[in-house]
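This report refers to the structure that appears directly beneath it.
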Amino acid sequence: MSLIPDDRLTELTREELSRYSRHLLLPEVGLDGQRRLKAARVLVVGAGGLGSPLALYLAAAGVGTLGIVDCDLVEASNLQRQVIFGTRDLERPKTAAAADRLKGLNPDVRIETYNLRLTSRNALQIIGGYDVVADGTDNYPTRYLVGDACVFLKKPNVYASIFQFEGQATVFDARRGPCYRCLYPSPPPPGLVPSCGEGGVMGVLPGILGTIQAAEVIKLIVGGGRPLIGRMHLLDAWLMRSVEVRLDKDPDCPVCGRNPTVTELVDYEQFCGLRDTRAEEIPSVTAGELRDRLEGGGRIQVVDIREPHERSLFRFEGAVSVPFGQLVRRMGEFDPDVDLVFICKIGQRSLYAIRALREAGYGGPMYNLRDGVNAWAREVDPSLAVYWPCGALLSEAEAPAAVRPLAGPGAGEGLSRWHFRPVGTFTGRLSRSSCRNSSVNR
Ligand SMILES: [Zn+2]
């Protein structure tokens, strides 16, 4: 059944009949489906890697009104995957640049831009004006906000997320299947799950996943096909394997379950631990202070908790390497009379590492390198400014070495598993019968 009621349909003009003729030839879309697309109002949250193909294909398909929410400016590092922008758009607000591109593609589409951050204060009002939401965001507070708002407003939430070479897509619709919180009741600890800005992403991957989202939006509007409700499509683009996981509604879901405990929007920054005051209790050192202390020759040991493939990009001289996952098990190796300084890429995972060791009973002095090795490369040793999210590009010579550790059969493991199973219970079950190929079960 289509999301768009009959009383909103209008006739197509002669130009529209010509432009959309390849849709009109499909009996599953046809004139009726195209009129529904024209009447539809779709909100794209995030004009990034996912939002780019989403908005482009929806505009091309003749979706009548497209809302775009984003508060960022176009940066050089976006252009590797955010194909809605061009080099000339650098430093422009993403919403304005996207609107220009979409208008050029299809002047019949009405573009409504929101150059702002979606928050608990504005989300219901903005989302309430649309028929369907497509979530192309890259952060947990906005994902939970969009997920909850869609449950309250009874809107479908066409969802995708990506990391490195892997992506997932589904349609959350609490009336017909699970919602975001049925799958992920609570967020992962802050800093534990690296973002694409930290872990990198294959540029074409959001192109594939965002296009899947566009297909799902169009199916919901036209009212045909089999929507991805209650199913999640998982793709590993490096191995080019895909698998489908069945997602069940959680009867105890805090938002859409039988006895919901969340009945209004909350403070999602706080919910996701991003305003956790405990972070301030952990002593930290700046990159400059760490350099001075190392040069002073005091009793100090730097502990690098990054993964091996990250260290291959940037080795911290004199540091002992203990990946995050082994810290608690190996804490007996540390001398409690020596000051430990924990380092990671941006100084977030290292905070979590210190907390984990404290909770495990480690009593020695521990410090966090503020802003991680990025700050070290920036402030102490600019020759190291090859670390990929600093905004500096890897040199040609260094790039192959940087990429190699991510390749091969282990590529889908390691850090990226946090992406697929970031939290608590994974309520979805592998539905073997629906796998395209039984040998690809994860
Ligand atoms: Zn739910």
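With positions in the sequence shown counted from 1, the corresponding number in the working numbering is that position plus 75.
Beta carbons: idealized from backbone N, C-alpha and C, even for Gly.
Going by CA-CA distance only, name the one from the options that's closest to residue i.
{"i": "P117", "options": "I201, A435, E90", "result": "In the sequence as displayed, the identity of residue 117 is Val instead of Pro. With distances taken between Cα atoms, V117 lies closest to I201."}
{"i": "E382", "options": "R185, I159, V397", "result": "V397"}
{"i": "V276", "options": "V403, A290, G252, S236", "result": "S236"}
{"i": "H308", "options": "L148, R251, Q243, D446", "result": "Q243"}
{"i": "D175", "options": "L141, Q345, E356", "result": "L141"}
{"i": "V413", "options": "S195, G438, V149", "result": "G438"}
{"i": "R94", "options": "I159, S77, K113", "result": "K113"}
{"i": "D456", "options": "E434, P263, F389", "result": "F389"}
{"i": "P326", "options": "R433, T194, C257, E150", "result": "C257"}
{"i": "E529", "options": "R366, K324, G407", "result": "The displayed coordinates of the chain run from 76 to 517. Any statement about residue 529 would go beyond what the structure contains."}
{"i": "M76", "options": "K230, G299, Y132, R306", "result": "G299"}
{"i": "P263", "options": "R316, F346, D183, R306", "result": "F346"}
{"i": "D145", "options": "D107, L106, L131, D213", "result": "D213"}
{"i": "D183", "options": "P102, D323, E91, R374", "result": "E91"}
{"i": "L177", "options": "L228, V138, S261, R306", "result": "V138"}
From residue i to residue j, what does the alpha carbon distance come to, in whole angstroms?
{"i": "A172", "j": "A134", "result": "14 angstroms"}
{"i": "L154", "j": "T162", "result": "7 angstroms"}
{"i": "P358", "j": "M441", "result": "7 angstroms"}
{"i": "G211", "j": "Q157", "result": "12 angstroms"}
{"i": "L468", "j": "A115", "result": "Per-residue confidence for L468 stands at a pLDDT of 26, beneath the threshold of 50, marking its modelled position as unreliable; no derived number is given."}
{"i": "S425", "j": "G121", "result": "28 angstroms"}
{"i": "R301", "j": "T338", "result": "30 angstroms"}
{"i": "V226", "j": "V378", "result": "44 angstroms"}
{"i": "V104", "j": "R111", "result": "9 angstroms"}
{"i": "L43", "j": "L125", "result": "Because the chain spans 76 through 517 in this model, residue 43 falls outside it and cannot be assessed."}
{"i": "P329", "j": "P335", "result": "5 angstroms"}
{"i": "Y259", "j": "V208", "result": "19 angstroms"}
{"i": "N181", "j": "I143", "result": "15 angstroms"}
{"i": "E319", "j": "R333", "result": "27 angstroms"}
{"i": "E86", "j": "G278", "result": "39 angstroms"}
{"i": "R567", "j": "V149", "result": "This structure cannot settle anything about residue 567, because the visible part of the chain is limited to 76 through 517."}
{"i": "Q109", "j": "H98", "result": "7 angstroms"}
{"i": "I293", "j": "G204", "result": "18 angstroms"}
{"i": "G519", "j": "Y189", "result": "There is simply no residue 519 to check, as the chain begins at 76 and stops at 517 in what is shown."}
{"i": "L314", "j": "P128", "result": "22 angstroms"}
{"i": "A136", "j": "I186", "result": "14 angstroms"}
{"i": "G422", "j": "A450", "result": "9 angstroms"}
{"i": "A151", "j": "L165", "result": "7 angstroms"}
{"i": "R89", "j": "G447", "result": "59 angstroms"}
{"i": "L193", "j": "M406", "result": "41 angstroms"}
{"i": "E454", "j": "A435", "result": "33 angstroms"}
{"i": "I159", "j": "G274", "result": "23 angstroms"}
{"i": "G489", "j": "C419", "result": "For G489, the predicted model reports a pLDDT of 30, less than 50, meaning its position is unreliable; a value from the coordinates is still stated below. Near 16 angstroms, if we compare the C-alpha coordinates of C419 and G489."}
{"i": "E356", "j": "R433", "result": "12 angstroms"}
{"i": "G282", "j": "E370", "result": "47 angstroms"}
{"i": "C331", "j": "S96", "result": "41 angstroms"}
{"i": "S261", "j": "K324", "result": "15 angstroms"}
Should residue i be listed as close to ligand 3, given that the test is whether its C-beta is under 7 angstroms from any heavy atom?
{"i": "A122", "result": "In the structure shown, ligand 3 is absent; the only ligands present are ligand 1."}
Whose C-beta lies closer than 8 angstroms to the C-beta of residue i among residues of the same chain, with five residues either side of it excluded?
{"i": "A198", "result": "L220, V221, A224, L340"}
{"i": "F409", "result": "Q376, V378, L415, Y437, G439"}
{"i": "V360", "result": "R368, V416, Y442, N443, L444, R445"}
{"i": "L106", "result": "L87, L99"}
Excluding the five sequence neighbours on either side, which residues of its own chain have a C-beta within less than 6 angstroms of the C-beta of residue i, listed in chain order?
{"i": "F247", "result": "N232, Y234, C254, Y255"}
{"i": "Y343", "result": "P216, Y219, L220"}
{"i": "D82", "result": "none"}
{"i": "D147", "result": "K169"}
{"i": "L84", "result": "R110, A114"}
{"i": "V478", "result": "Here the model assigns V478 a pLDDT of 26, short of 50, so the residue's position is not dependable, and the following value carries that caveat. Excluding positions up to five away in sequence, the list is empty."}
{"i": "L310", "result": "G242, S317"}
Which residues does DSSP list as the beta-bridge partners of residue i?
{"i": "S425", "result": "S425 pairs with nothing; no bridge assigned."}
{"i": "I201", "result": "In the DSSP output, where bridge partners are listed per residue, I201 has none listed."}
{"i": "T336", "result": "BP columns for T336 are empty, so no partner."}
{"i": "L180", "result": "L180 is not bridged to any residue."}
{"i": "Q376", "result": "L415"}
{"i": "M441", "result": "L415"}
{"i": "T188", "result": "I143"}
{"i": "P168", "result": "L148"}
{"i": "A98", "result": "With the sequence shown as reference, residue 98 is identified as His, and Ala is not the correct amino acid for it. According to DSSP, H98 bridges with nothing at all."}
{"i": "R116", "result": "T140"}
{"i": "I304", "result": "V246"}
Ordered along the chain, which non-local residues of its own chain (more than five positions away) have a Cβ less than 7 angstroms from that of residue i?
{"i": "A428", "result": "I380, F399, L402, F417"}
{"i": "I304", "result": "V246, D248, R251, G252"}
{"i": "P411", "result": "G438, G439"}
{"i": "A431", "result": "L402, V403"}
{"i": "L280", "result": "I237, F240, G242, A312"}
{"i": "I58", "result": "Residue coverage of the chain in this structure runs from 76 to 517, which leaves residue 58 outside it and unanswerable."}
{"i": "I79", "result": "R111, A114, A115, D206, I296"}
{"i": "E291", "result": "V233, V246, P302, L303"}
{"i": "G363", "result": "E454, V455"}
Shorter than 8 angstroms from the beta carbon of residue i to some beta carbon of chain C?
{"i": "V207", "result": "The displayed structure is made up of one protein chain only, and chain C is not part of it."}
Return the chain-ordered ranges of every beta strand (DSSP E) run that is complete within the stretch 225-275 and spans a minimum of 3 residues.
Positions of the beta strand (DSSP E) runs, each at least 3 residues long and wholly inside the stretch 225-275, are given as 232-238, 241-247 in order along the chain.
In chain order, what are the residue ranges of uninterrupted beta strand (DSSP E) at least 3 long that sit wholly in the stretch 119-163?
Fully enclosed beta strand (DSSP E) runs of 3 or longer: 140-144.
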